[in-house]
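**Q** A single structure is presented below for examination.
Here you go:
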């Protein structure tokens, strides 16, 4: 579960970080609007988190959900790698929805799997450890994907800008929006193309998580502590009473 959580965080935070920027740069959305346009992603997480929880309670099994969820993540990341300048906002929202549906079947279910497998006396340590791995994966993912994106964008800008044009070291979406027409078109195209390897790598990493979920050992769900787990033996005085 820790390995799967690490990879999920790696792919999620590393990839999704660039969706709002894509909407701001290629569609001209404001930061607030680009955040609202990610609502389908969170809606997908909400729907499948609730649904998977209800189904797990009835079925008593949780392993099928991480398998299906990571599979959806692979599909969603591959679809996001096809985003271009001409892709409509609705299509991008649909891809984000698929990603959210997959995430909802993975993140909380992994926490459930951890809590179900350990002694109640160490449940807090196990839960926080699982969360830590996901956070560390996200931190590494943002750094690595940022490096890939920056290098790729520089290469694409060199191809598209006129020879001798000085490429700024830093620029934000608002600055790109106010560039001259030719430079603006070059930056927008370069940005869209630079995202392709980011999401493709996220899809590849998600595929590793998909494979690992098949090795996840399913422990029967418990509704109360198992015999001897986290329960202190009764004192003599209590027995006498």
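Numbering (our numbering), first residue to last: 94 to 334.
For every residue, glycine included, the Cβ atom is placed at its ideal position computed from N, Cα and C.
All values reported here derive from a predicted model rather than from experimental measurement.
Within its chain, find whatever has a CB closer than 7 Å to the CB of residue 332; leave out the 5 residues flanking it on each side and keep chain order.
**A** Working through the chain shown from its first residue, we reach residue 332 at position 239. Residue placement at residue 332 is flagged as unreliable, the pLDDT there being 35, under the threshold of 50; the coordinate-derived value follows with that caveat. Closer than 7 Å at the Cβ level, and outside the excluded window around residue 332, lies no residue.
**Q** What separation, rounded to the nearest whole angstrom, lies between the Cα atoms of residue 116 and residue 223?
**A** One-based indexing of the chain shown puts residue 116 at position 23. One-based indexing of the chain shown puts residue 223 at position 130. Taking the straight line joining both Cα atoms gives about 32 Å.
**Q** In whole angstroms, give me the CA-to-CA distance for residue 300 and residue 199.
**A** Numbered from its first residue, the chain shown carries residue 300 at position 207. Numbered from its first residue, the chain shown carries residue 199 at position 106. Distance between the alpha carbons of residue 300 and residue 199 is about 13 Å.
**Q** Identify, in the order they occur along the chain, each residue of the same chain with its Cβ nearer than 6 Å to the Cβ of residue 221, setting aside the five sequence neighbours on each side.
**A** Your numbering for residue 221 matches position 128 in the chain shown. Contacts found: none.
**Q** Indicate the three-state DSSP secondary structure (helix, strand or coil) for residue 275 in the structure shown.
**A** On the chain shown, position 182 is the one that residue 275 refers to. Correct three-state label for residue 275: helix.
**Q** How many Å lie between residue 209 and residue 182 at the Cα?
**A** Here residue 209 refers to the residue found at position 116 when the chain shown is read from its first residue. Here residue 182 refers to the residue found at position 89 when the chain shown is read from its first residue. Straight-line Cα distance between these residues: approximately 41 Å.
**Q** I'd like to check one pair, residue 159 with residue 202: are the Cβ atoms closer than 7 Å?
**A** Translated into the one-based positions of the chain shown, residue 202 becomes position 109. Translated into the one-based positions of the chain shown, residue 159 becomes position 66. Yes.
**Q** Please work out which residues of its chain come closer than 6 Å, Cβ to Cβ, to residue 292, disregarding the five sequence neighbours upstream and downstream, and give them in chain order.
**A** Against the chain shown, residue 292 aligns to sequence position 199. Contacts found: 108, 170, 173 and 174.
**Q** Could you give the DSSP three-state label for residue 327: helix, strand or coil?
**A** Translated into the one-based positions of the chain shown, residue 327 becomes position 234. In this prediction, residue 327 has a pLDDT of 40, which is less than 50 and means its spatial position is unreliable; what the coordinates show is noted afterwards. Looking at residue 327 - three-state DSSP - the assignment turns out to be coil, as it is neither helix nor strand.
**Q** Check the C-beta distance from residue 157 over to residue 131 and give it rounded, since I have them as a contact under 8 Å.
**A** In the chain shown, residue 157 corresponds to position 64, counting from 1. In the chain shown, residue 131 corresponds to position 38, counting from 1. So it is not a contact: roughly 27 Å between Cβ atoms.
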